[in-house]
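Residue numbers (the numbering used here), protein chains in the order written: chain A, 5 to 223; chain B, 5 to 223; chain C, 8 to 238; chain D, 8 to 238. Ideal placement from N, C-alpha and C gives every residue a C-beta, glycine not left out. As the structure is a prediction and not an experimental result, all values here were calculated from the model.
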Amino acid sequence: MLDKIGIAKRIAREIQDGYYVNLGIGIPTLCANYIPEGMHVVLQSENGILGMGPFPFEGDEDADLINAGKQTVTLLPGSSLFDSAMSFGMIRSQKVDLTILGAMEVSEEGDIANWKIPGKMVKGMGGAMDLVASAKNIIVAMQHVNKAGESKLLPKCSLPLTGLRCVKRIVTELATVDVIHGRGFKLIERAPGISVEQIKNATAGRLIIEGEIPEMQIS
Amino acid sequence: MLDKIGIAKRIAREIQDGYYVNLGIGIPTLCANYIPEGMHVVLQSENGILGMGPFPFEGDEDADLINAGKQTVTLLPGSSLFDSAMSFGMIRSQKVDLTILGAMEVSEEGDIANWKIPGKMVKGMGGAMDLVASAKNIIVAMQHVNKAGESKLLPKCSLPLTGLRCVKRIVTELATVDVIHGRGFKLIERAPGISVEQIKNATAGRLIIEGEIPEMQIS
Amino acid sequence: MNKTVSNAEEAIRGITDGMTLMLGGFGLCGIPENCITALVKAGTKNLTCISNNAGVDDFGLGLLLQSKQVRKMIASYVGENAEFERQMLSGELDVELVPQGTLATRCMAAGYGMPAIFTPAGVGTEVAIGKEVRNFNGKDYLMEMAFDADFAIVKAWKGDTMGNLIYRDTARNFNPLMAMAGKITIAEVEHLVEPGELDPNHIHTPGIYIHRIFQGSNYEKRIEQRTVRKK
Amino acid sequence: MNKTVSNAEEAIRGITDGMTLMLGGFGLCGIPENCITALVKAGTKNLTCISNNAGVDDFGLGLLLQSKQVRKMIASYVGENAEFERQMLSGELDVELVPQGTLATRCMAAGYGMPAIFTPAGVGTEVAIGKEVRNFNGKDYLMEMAFDADFAIVKAWKGDTMGNLIYRDTARNFNPLMAMAGKITIAEVEHLVEPGELDPNHIHTPGIYIHRIFQGSNYEKRIEQRTVRKK
Numbered sequence: 005m006l007d008k009i010g011i012a013k014r015i016a017r018e019i020q021d022g023y024y025v026n027l028g029i030g031i032p033t034l035c036a037n038y039i040p041e042g043m044h045v046v047l048q049s050e051n052g053i054l055g056m057g058p059f060p061f062e063g064d065e066d067a068d069l070i071n072a073g074k075q076t077v078t079l080l081p082g083s084s085l086f087d088s089a090m091s092f093g094m095i096r097s098q099k100v101d102l103t104i105l106g107a108m109e110v111s112e113e114g115d116i117a118n119w120k121i122p123g124k125m126v127k128g129m130g131g132a133m134d135l136v137a138s139a140k141n142i143i144v145a146m147q148h149v150n151k152a153g154e155s156k157l158l159p160k161c162s163l164p165l166t167g168l169r170c171v172k173r174i175v176t177e178l179a180t181v182d183v184i185h186g187r188g189f190k191l192i193e194r195a196p197g198i199s200v201e202q203i204k205n206a207t208a209g210r211l212i213i214e215g216e217i218p219e220m221q222i223s
Numbered sequence: 005m006l007d008k009i010g011i012a013k014r015i016a017r018e019i020q021d022g023y024y025v026n027l028g029i030g031i032p033t034l035c036a037n038y039i040p041e042g043m044h045v046v047l048q049s050e051n052g053i054l055g056m057g058p059f060p061f062e063g064d065e066d067a068d069l070i071n072a073g074k075q076t077v078t079l080l081p082g083s084s085l086f087d088s089a090m091s092f093g094m095i096r097s098q099k100v101d102l103t104i105l106g107a108m109e110v111s112e113e114g115d116i117a118n119w120k121i122p123g124k125m126v127k128g129m130g131g132a133m134d135l136v137a138s139a140k141n142i143i144v145a146m147q148h149v150n151k152a153g154e155s156k157l158l159p160k161c162s163l164p165l166t167g168l169r170c171v172k173r174i175v176t177e178l179a180t181v182d183v184i185h186g187r188g189f190k191l192i193e194r195a196p197g198i199s200v201e202q203i204k205n206a207t208a209g210r211l212i213i214e215g216e217i218p219e220m221q222i223s
Numbered sequence: 008m009n010k011t012v013s014n015a016e017e018a019i020r021g022i023t024d025g026m027t028l029m030l031g032g033f034g035l036c037g038i039p040e041n042c043i044t045a046l047v048k049a050g051t052k053n054l055t056c057i058s059n060n061a062g063v064d065d066f067g068l069g070l071l072l073q074s075k076q077v078r079k080m081i082a083s084y085v086g087e088n089a090e091f092e093r094q095m096l097s098g099e100l101d102v103e104l105v106p107q108g109t110l111a112t113r114c115m116a117a118g119y120g121m122p123a124i125f126t127p128a129g130v131g132t133e134v135a136i137g138k139e140v141r142n143f144n145g146k147d148y149l150m151e152m153a154f155d156a157d158f159a160i161v162k163a164w165k166g167d168t169m170g171n172l173i174y175r176d177t178a179r180n181f182n183p184l185m186a187m188a189g190k191i192t193i194a195e196v197e198h199l200v201e202p203g204e205l206d207p208n209h210i211h212t213p214g215i216y217i218h219r220i221f222q223g224s225n226y227e228k229r230i231e232q233r234t235v236r237k238k
Numbered sequence: 008m009n010k011t012v013s014n015a016e017e018a019i020r021g022i023t024d025g026m027t028l029m030l031g032g033f034g035l036c037g038i039p040e041n042c043i044t045a046l047v048k049a050g051t052k053n054l055t056c057i058s059n060n061a062g063v064d065d066f067g068l069g070l071l072l073q074s075k076q077v078r079k080m081i082a083s084y085v086g087e088n089a090e091f092e093r094q095m096l097s098g099e100l101d102v103e104l105v106p107q108g109t110l111a112t113r114c115m116a117a118g119y120g121m122p123a124i125f126t127p128a129g130v131g132t133e134v135a136i137g138k139e140v141r142n143f144n145g146k147d148y149l150m151e152m153a154f155d156a157d158f159a160i161v162k163a164w165k166g167d168t169m170g171n172l173i174y175r176d177t178a179r180n181f182n183p184l185m186a187m188a189g190k191i192t193i194a195e196v197e198h199l200v201e202p203g204e205l206d207p208n209h210i211h212t213p214g215i216y217i218h219r220i221f222q223g224s225n226y227e228k229r230i231e232q233r234t235v236r237k238k
């Protein structure tokens, strides 16, 4: 079973040289730490940065330079700054190669719910609806089951949707799964030490198992 | 009867302190020379300038700094440069206070034709259709009659239109005339030495004459 | 063409009960601190505020919420504010949640004289309820309307007396968009200079959009999430 | 993330007969001189060119017209070009005239992922023929579609190897809009520098939009209307 860092490491393997990547808050943010050496990737932050760098050294924090999670960050050489309309313009026009975000639920069709739980305080969707509606390649980082032990990979989402038919791949503590439109969740890899049976039991939506399912390679 | 400079001088009186003004090619451009001293006016050029200055001194011409008529120009202190989308954005959102342009024909309804003569080579509308469709205050500088002696102030335009119901005021070599929607051309002023009768004869559209018509004041 | 006013109190003159205001900023970054303080002092009520966030309890837009001056909040994310939650649950405060890109683009549309825009954000979600859905090239889009704001209040780094503005780093965010969108736009800046001191190639907001400008004072520029690494 | 190519010939690789190209510039100001020369040399045919103007007979886009490589021209003003006129009248060349603001905004729409925009320009004129007219708040607007270009070719003043661009004065014009709109975008620059040399606050076109960049040479930067005053 993977921990959060394991999930981040596995997803980082999806990043290719030359990619522009938008990382959501939480596990997705961790992915930045595991981009292979020598690979040149530019991180987009939807509040208006391309070329976001790591957190500043203590004492170098600048209130004018934050990421979409409101954390103080830095700029790397070759970065650029822009307003929010251009930022979401480049997201809508699919210039961002890969978007990694968290989810509460994903359906067999690739629908995603990650912004609202009825009965709980609604904080807002922020940029999530824009990202999922436009991104050409969306990978979800999440737990396979929620704290109540219920599967988060469902035939249909029960929570209010963030977007329709948009998720391509899901990486959880148990498995890597692809969304095959019209068919269901296709099992791609098992997490180290996890059996196909365990994944099956944790998946409420239709799980497609074809041939031998390899174990994930994580450095 | 006014010459071109006279028309430009008369129109310059419409400009108020603090105005942002877009001047078309021809007579409108001349207006810039007659803005009263001490009045602060910012000229917009739709290719991407606010704060356009006079022509450069000989030898200071810069191929990267031209106006919408492709003439070399200069920048005044407080100027700004921007792309064509923002330029027409500020035109469409009516941030430009006054637009002065030429016309081939204007109708009683304020329709304007100034871009195309059937049978002749069409050069294109450039920014004219955007300007007339959006500007909140449009003054036309033109001759009252064409070279064939026909009135250019018509019940309806005969040439292909540039825009509908947009012209507020017309200044010609003979008169200042306002467009009153649903009523016609209202005579406001006579050019020096011109009689109401002469203006009547030169106006094919309905001319409204109410009370004594004063002669224009031109410095 | 000098648009300078002496301070925030003078800048916000004409903002009256029931008006719609746009306020720049993302989180607490690039917010018009001086004008918010002046609005609290003025006590203007029943405001509709369009801003990406709602501040925190004791800073930013949160101050206007504390003093119960806001009737309706239009934002994309309002998570950091307990008083906000209380007012929303009690029904004192109307909240309209708008996807962040939609919020930005509806501001831009107003500034660009475009009555509406199309975006795929929110298709198939509750955001789409009551909105026109239109298919272009096989993809569904929502038609979203341009905002209509009586005043826009923005914060820039540098400005000149003619209203030209330059923002700094991610304090740019919604500010240039809202600057274009207000019927009347107020800019507060950290450094107010004379015309000619800013490079015309580097202006982010041309002065034509700005009606009043002043140099603010005592900027706190609070950091919401101070994240650092060790040297 | 080095997007540098060695020259214009390499930059235009993949542009084939029948493609749609956007070319930046207003008149002869800010045009991609090197790429135009390379396209003439390559002899690519049946191009659809989207550009505000069509150059003059012996410079700019006029060179592509002289060599009869253009099948269709989409522009707002084409007045300075005798060969253009001849080809248009003879039917060799299709011409679609688009209001300048509509042209600019249709480029921006493509770059911003908006399938269509609304503008009042052209309502009630022949430009409106066949287009949807829609009334918002009592005013009529045309719905105009985003452009779809295989390649955009732009000219900037400075650029870095990651594709970040800064334009100079009115040579900006359509360039940043078209840069965002091309499926593949080529930038030629007068000065190519290393990442980190350009101030990120002053970038007009972020590198994400640029696929290939090179430092051009032998810029003529011809002036169309040399207007001066005496010292």
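So which residues on chain B does residue i lean against when the C-beta distance must stay under 8 Å?
i	result
C:Ile210	Ser84, Leu85 and Phe86
Which residues of chain A have a Cβ atom closer than 8 Å to the Cβ of residue i, listed in chain order?
i	result
C:Arg141	Residues of chain A passing the Cβ test: none, with the nearest at roughly 14 Å.
C:Phe181	Asp87 and Ser88
State yes or no: is the beta carbon of residue i nearer than 8 Å to at least one beta carbon in chain C?
i	result
D:Tyr241	Since the displayed chain D opens at 8 and closes at 238, residue 241 of chain D lies outside it and no answer follows.
D:Arg113	no
Closest to residue i by CA distance: which of the options is it?
i	options	result
D:Gln222	D:Trp164, D:Val140 and D:Gly214	D:Trp164
C:Glu197	C:Ile217, C:Leu172 and C:Ile215	C:Leu172
C:Met121	D:Gly131, D:Asn142 and D:Val105	D:Asn142
A:Ile198	A:Ile212, A:Glu219 and A:Arg187	A:Glu219
D:Lys10	A:Asp21, A:Ile15, A:Ala16 and A:Asp7	A:Asp21
D:Asp167	D:Ala61, D:Gly34, D:Asn88 and D:Pro213	D:Pro213
B:Ala12	B:Gly28, B:Val77 and B:Tyr23	B:Gly28
D:Arg236	B:Gln75, B:Gly55, B:Tyr38 and B:Ile15	B:Gln75
A:Leu157	A:Asn205, A:Ile121 and A:Asp134	A:Asn205
So the beta strand (DSSP E) residue i belongs to, where does it begin and stop?
i	result
B:Gly82	Thr78 to Leu85
D:Cys36	No beta strand (DSSP E) contains D:Cys36, which DSSP labels as neither H nor E.
C:Asp167	Ala156 to Asp167
D:Phe143	Val140 to Phe143
C:Cys114	No beta strand (DSSP E) contains C:Cys114, which is instead part of the alpha helix (DSSP H) from Gln107 to Gly118.
C:Asp101	Asp101 to Leu104
What does residue i touch in chain D if you count any residue whose Cβ is under 7 Å from its own?
i	result
B:Lys74	Gly34, Glu231 and Gln232
A:His44	Met8
Check the Cβ of residue i against every Cβ in chain C and list those closer than 9 Å, keeping chain order.
i	result
B:Val138	The sequence as given places Ser at residue 138 of chain B; Val does not occur at that position. Within chain C, the residues near B:Ser138 are Gly120.
Please list, in chain order, the chain B residues whose beta carbon lies closer than 7 Å to that of residue i.
i	result
C:Gly203	Pro81 and Gly82
Of all Cβ atoms in chain A, is any one closer than 8 Å to the Cβ of residue i?
i	result
D:Met185	no
C:Ser83	yes
C:Gln73	no
What does residue i reach in chain C if we use C-beta pairs closer than 8 Å?
i	result
B:Arg96	Tyr119, Gly120 and Met121
Tell me where the alpha helix (DSSP H) around residue i begins and ends.
i	result
A:Phe92	Ser88 to Arg96
D:Glu90	Ala89 to Ser97
D:Thr126	Unbroken run through D:Thr126 is the beta strand (DSSP E), Ala123 to Thr126; no alpha helix (DSSP H).
Taking C-beta pairs closer than 8 Å, name the residues in chain D that residue i reaches, listed in chain order.
i	result
C:Asn144	Pro122
Strictly below 7 Å CB to CB, what residues from chain C border residue i?
i	result
D:Asp65	Result: empty, since nearest Cβ-Cβ is about 30 Å, beyond 7 Å.
At 9 Å on the CB atoms, spell out the chain B contacts of residue i, in chain order.
i	result
D:Lys237	Phe61 and Glu62
Would residue i count as contacting chain D if we go by Cβ distances under 8 Å?
i	result
C:Asp176	yes
In chain D, what lies closer than 9 Å to residue i by C-beta?
i	result
A:Leu69	By Cβ distance, chain D contributes nothing, its closest Cβ being about 10 Å from A:Leu69, past 9 Å.
Point to revise | Three or more C-beta pairs below 8 Å linking the stretch 158-177 of chain A and the stretch 115-127 of chain A | key: yes
Exercise for review: Taking 8 Å as the threshold, find out whether the stretch 106-117 of chain C comes into contact with the stretch 88-101 of chain A through three or more Cβ pairs.
Suggested key: yes
Review point. Would you call the stretch 226-237 of chain C and the stretch 73-85 of chain C touching, i.e. three or more CB-CB distances under 8 Å?
Key: Result no; under three Cβ-Cβ pairs closer than 8 Å.
Review point. With a cut-off of 8 Å, do at least 3 Cβ pairs link the stretch 26-44 of chain D to the stretch 170-185 of chain D?
Key: yes
Exercise for review: Report yes or no: do three or more beta-carbon pairs, one from the stretch 147-155 of chain B and one from the stretch 141-159 of chain D, lie closer than 8 Å?
Suggested key: Judged by Cβ distances under 8 Å, the stretch 147-155 of chain B makes no contact with the stretch 141-159 of chain D, as fewer than three pairs qualify.
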